[in-house]
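One point on numbering: in the numbering used here, the residue at position 284 of the sequence shown is 359, and numbering is uninterrupted.
Glycine residues also receive a C-beta, built at the ideal position from the N, C-alpha and C atoms.
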Amino acid sequence: MTLQQARHQSETEADSSERHTAIGAEDVHVTYDDGTAAVRGVSLDVKEGEFFGFLGPNGAGKTTTIKTLVTLLYPTQGAVRINGYDTKADPQAVRESIGYMAQETSIDFELTPRENLRVACRMYGVPREERADRIEELLDLVDLRDVADKRAETFSGGMQKRLDTATVLVHRPPVVFLDEPTTGLDPEARLRVWNYFEKINDQGTTVFLTTQYLEEANELCDRLAILQEGQITHTGTPAALKSAVGTETLTLALDDPSQENRRRARNIVRQRSALDTTAIERTADGLRIEADNARSATSDLFTELSAAGITITDFDIQSPTLDDVFLTLAGEKGEGKDSADSEPTSVQEVVR
Ligand code: ADP
76 MTLQQARHQS ETEADSSERH TAIGAEDVHV TYDDGTAAVR GVSLDVKEGE FFGFLGPNGA
136 GKTTTIKTLV TLLYPTQGAV RINGYDTKAD PQAVRESIGY MAQETSIDFE LTPRENLRVA
196 CRMYGVPREE RADRIEELLD LVDLRDVADK RAETFSGGMQ KRLDTATVLV HRPPVVFLDE
256 PTTGLDPEAR LRVWNYFEKI NDQGTTVFLT TQYLEEANEL CDRLAILQEG QITHTGTPAA
316 LKSAVGTETL TLALDDPSQE NRRRARNIVR QRSALDTTAI ERTADGLRIE ADNARSATSD
376 LFTELSAAGI TITDFDIQSP TLDDVFLTLA GEKGEGKDSA DSEPTSVQEV VR
């Protein structure tokens with residue numbers, strides 16, 4: 076590492092530690108009246124400006140957790156602080172500083188987007204003189220200006236979701252909670268909603284999103300936590316979680332798959348390429364290589380092979396997906412094994 080890189084790294088670390096905590100939860104437990112222990116010791120430290128994903132299967136406790144963060148439920152044990160306010164001691168201050176989009180839509184289908192936003196402005200106490208501008212700005216942001224005066228009942232699911240999110244943003248909350256916001260949307264609608272969430276995050280809003288879709292978490296989140304049976308089993312970046320599960324695999328087909336040619340290719344992979352190879356296997360028509368950096372080092376390898384007169388007729392690179400992460404971690408938990416690094420009840424940073 077150069078001095079400059081070291082300085083940059085220490086500055087980056089200082090930046091992230093100096094950022095305020097937007098969402099803090101300390102050993103939160105939530106037990107329903109019927110005795111269901113839905114949340115069992117969740118701790119969180121989400122920094123301002125982060126896009127944080129909360130991922131888990133049905134029944135894991137995601138909705139119960141999010142309701143506890145937004146003051147609709149209180150912890151049976153433990154504490155939550157949002158934007159510095161304790162949810163139990165100061166719920167009103169918390170509510171004024173957040174936006175919360177529940178799974179069930181809160182828009183009035185009989186009204187138009189403009190009317191829905193007017194109602195929301197009144198509800199959230201947006202000063203009268205700011206309302207008109209705020210409404211126009213949000214209509215643009217969610218791309219509903221063209222239909223601003225049409226009744227929402229005629230809208231597609233994706234348009235309704237976008238309007239719903241706009242209504243929870245009228246008071247410009249610094250933190251937004253989204254509970255499975257794209258469930259039931261078709262892929263195109265999901266993409267548009269994603270773009271919109273990215274936009275509000277780019278503008279500095281902290282986003283906390285629960286989802287069952289691994290692809291969604293992968294696409295949007297800076298960091299995510301995996302919740303299983305009311306406990307966070309892992310936190311980390313999507314990439315870190317993926318690399319905790321497995322390496323990338325590169326398969327190559329050679330135009331001359333003779334023993335000799337495959338041996339030569341293997342030696343180049345081992346000795347001359349930048350691949351961090353963990354395993355190489357000779358296949359019927361070429362090689363199968365496992366390496367953490369297969370995707371980034373492949374073009375360099377191809378140059379080396381070509382220089383040695385070895386021709387590749389086909390190749391494929393496979394990375395572990397978040398589905399793999401999820402299945403592996405769920406399996407580890409199910410088998411009672413320690414996952415990546417011990418203590419399943421505590422928040423773990425898989426890789427920093
Ligand atoms: P998720 O959002 O991850 O699907 P939930 O938070 O909805 O999970 O549910 C977690 C657990 O709590 C489940 O076992 C669910 O049946 C239970 N649960 C949810 N709401 C209630 C309630 N009001 N009363 C009792 N149990 C509940």
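Please name the residue in the options whose C-alpha comes closest to that of residue i.
| i | options | result |
| --- | --- | --- |
| Phe377 | Met176, Ser348 and Thr324 | Ser348 |
| Asp261 | Lys236, Asp218 and Ile141 | Lys236 |
| Phe390 | Arg370, Gly305 and Met176 | Arg370 |
| Arg247 | Arg170, Leu329 and Thr187 | Arg170 |
| Asp165 | Leu147, Met176 and Thr180 | Leu147 |
| Gln178 | Gly131, Thr257 and Arg197 | Thr257 |
| Asp430 | Thr308, Ala359, Val344 and Leu302 | Not covered by the structure: residue 430. The range shown for the chain is 76 to 427. |
| Thr111 | Val344, Thr388, Glu356 and Gly305 | Gly305 |
| Asp297 | Val114, Gly128 and Gly159 | Gly128 |
| Ile307 | Ala113, Glu323 and Leu362 | Ala113 |
| Leu214 | Met198, Thr187, Ser231 and Arg203 | Thr187 |
| Ser394 | Ala315, Gln346 and Val344 | Ala315 |
| Arg209 | Leu192, Thr324, Asp224 and Gly153 | Leu192 |
| Ile98 | Thr388, Tyr107, Ala383 and Pro249 | Pro249 |
| Thr106 | Ile301, Asn133, Glu356 and Gly153 | Gly153 |
| Arg265 | Leu244, Gly279 and Tyr288 | Tyr288 |
| Leu119 | Asp108, Lys137, Asn133 and Pro132 | Lys137 |
| Lys75 | Ser231, Lys142 and Leu295 | The question about residue 75 has no answer, for the chain in this structure spans 76 to 427. |
| Ala300 | Val117, Leu130, Thr96 and Asp399 | Leu130 |
| Gly134 | Phe126, Gly361 and Gln303 | Gln303 |
| Gln278 | Glu291, Val251 and Ala292 | Val251 |
| Ala241 | Gly159, Asn342 and Glu211 | Glu211 |
| His104 | Asp183, Glu335 and Tyr149 | Tyr149 |
| Leu45 | Asp109, Ala383 and Lys142 | Only positions 76 to 427 of the chain appear in the structure, and residue 45 is not among them; the question remains open. |
| Val51 | Ala223, Phe126 and Ala168 | Because the chain spans 76 through 427 in this model, residue 51 falls outside it and cannot be assessed. |
| Lys225 | Asp183, Glu263, Gly259 and Ala207 | Asp183 |
| Tyr175 | Ala207, Val282 and Glu356 | Val282 |
| Ala340 | Ile385, Asp108 and Glu356 | Ile385 |
| Ile387 | Ala223, Leu238, Arg337 and Leu402 | Arg337 |
| Leu327 | Asn342, Gly361 and Arg345 | Gly361 |
Closer than 7 Å: is that where the CB of residue i sits relative to any heavy atom of the ligand ADP?
| i | result |
| --- | --- |
| Asp297 | no |
| Gly384 | no |
Using the C-alpha atoms, what's the distance from residue j back to residue i?
| i | j | result |
| --- | --- | --- |
| Thr229 | Ala372 | 50 Å |
| Ala351 | Ala319 | With the sequence shown as reference, residue 351 is identified as Asp, and Ala is not the correct amino acid for it. Straight-line Cα distance between these residues: approximately 15 Å. |
| Val201 | Asn368 | 50 Å |
| Glu101 | Leu284 | 19 Å |
| Lys310 | Ala195 | For clarity, residue 310 is Thr in the given sequence; the question names Lys instead. Those two C-alpha atoms are separated by around 34 Å. |
| Ser333 | Glu365 | 21 Å |
| Asn276 | Ser181 | 22 Å |
| Ser381 | Asp375 | 10 Å |
| Gly321 | Pro313 | 13 Å |
| Arg94 | Glu123 | 6 Å |
| Asp221 | Ile173 | 28 Å |
| Asp161 | Phe272 | 26 Å |
| Val54 | Gly233 | Since the first residue shown for the chain is 76 and the last is 427, residue 54 is missing from the structure and cannot be characterised. |
| Ile392 | Leu325 | 4 Å |
| Tyr199 | Val121 | 24 Å |
| Glu205 | Leu404 | 48 Å |
| Leu244 | Asp399 | 35 Å |
| Ala292 | Glu323 | 20 Å |
| Arg363 | Thr353 | 11 Å |
| Thr396 | Thr286 | 16 Å |
| Ile355 | Lys317 | 21 Å |
| Arg115 | Asp108 | 15 Å |
Considering only DSSP beta bridges, list what residue i is partnered with.
| i | result |
| --- | --- |
| Ala223 | BP columns for Ala223 are empty, so no partner. |
| Leu266 | Paired residues: none, contrary to the question. |
| Ala300 | Phe129 and Thr310 |
| Asp391 | Thr326 |
| Gly99 | Asp120 and Arg156 |
| Leu402 | In the DSSP output, where bridge partners are listed per residue, Leu402 has none listed. |
| Val245 | Note: Val245 sits in no beta bridge, so no partner. |
| Gly174 | Val251 |
Checking contacts by CB at 8 Å: is residue i closer than that to chain D?
| i | result |
| --- | --- |
| Asp389 | This model lacks chain D altogether; it includes just one protein chain. |
TODO: Can you list the residues near the ligand ADP, meaning Cβ strictly closer than 6 Å to any non-hydrogen atom, in the order they appear in the chain?
DONE: Residues flagged by the Cβ proximity filter: Tyr107, Asp109, Thr111, Ala113, Gly131, Asn133, Gly134, Ala135, Gly136, Lys137, Thr138 and Thr139.
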